[in-house]
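Undergrad: In the numbering used here, the protein residues as written are 195 to 294. This is the structure I have questions about; it appears just below.
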């Protein structure tokens, strides 16, 4: 089976967005500071990639307070989970195709 480029999701072409989605798919939710620390990113860099994923409706944002401190958590949506799964399948198919 020949892999076409349209099977890959442009939202995941950037390694940071791919990493963010990997974390969100593997966890129920993740907060901003933990993501920033885990991925070793600046606030601005992480925020811009999160906005891109939110724009695609691949994740949702939950804002709350813990005591008096604001807390922002991110959760993957069903649309995001499905898109990520399809992207990973396309990558796996591409790898399998190269092994022939």
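Built from N, CA and C at the ideal position, the CB exists for glycine as well.
1. Grouping DSSP H, G and I as helix and E and B as strand, with all else coil, what is residue 209?
2. I'd like the span of the alpha helix (DSSP H) that includes residue 204, first residue to last.
3. I need the DSSP call for residue 223, collapsed to helix, strand or coil.
4. Three or more C-beta pairs under 8 Å: does that hold for the region 240 to 255 against the region 281 to 294?
5. Compute the Euclidean distance between the alpha carbons of residue 215 and residue 275, then round it to the nearest angstrom.
TA: This is what the structure holds:
1. helix
2. From DSSP, residue 204 is part of no alpha helix (DSSP H); its letter is neither H nor E.
3. coil
4. The answer is no - the region 281 to 294 does not touch the region 240 to 255, with fewer than three Cβ pairs under 8 Å.
5. 8 Å
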